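**Student:**
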Amino acid sequence: MHLNAHEDKFGWRAWKSFPWEATDGLHERGLIDDPRSKAKSVALTDEGARLAEQLFTELFEVDDAEAD
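Letter 43 of the sequence shown, counting from 1, is numbered 29 in the numbering used here, and no numbers are missing.
1) Can you tell me which residues form a DSSP beta bridge with R(-1)?
2) Which one of D50, H(-12) and A51 has the shortest CA to CA distance from F4?
3) Nearest chain D C-beta to K(-5) closer than 9 Å, yes or no?
4) Which whole-angstrom value is the C-beta distance of A8 and S27, which I expect to be below 8 Å?
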């Protein structure tokens, strides 16, 4: 969700381009608001936004020294 998340005046939101099974699980864990709405995006909780960024960095950040 970190890749398509954006911050607005209400907090962090991400477009709902994920399977319902995934968004339902994130909602059950308290990381996003209820995804089953008419909105095209879902609100991330503060913890959800923090964790999304942390996991993205851990999984995809390339160390320049290792890339050479």
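Think of the CB as a built atom: it goes at the ideal place given N, C-alpha and C, for glycine as much as any other residue.
Bear in mind the structure is a predicted one, so any value in this text is a computation, not a measurement.
**Tutor:** Working from what's here:
1) H(-8) and A29
2) H(-12)
3) The displayed structure is made up of one protein chain only, and chain D is not part of it.
4) That belief does not hold up - the Cβ atoms of A8 and S27 are roughly 15 Å apart, past 8 Å.
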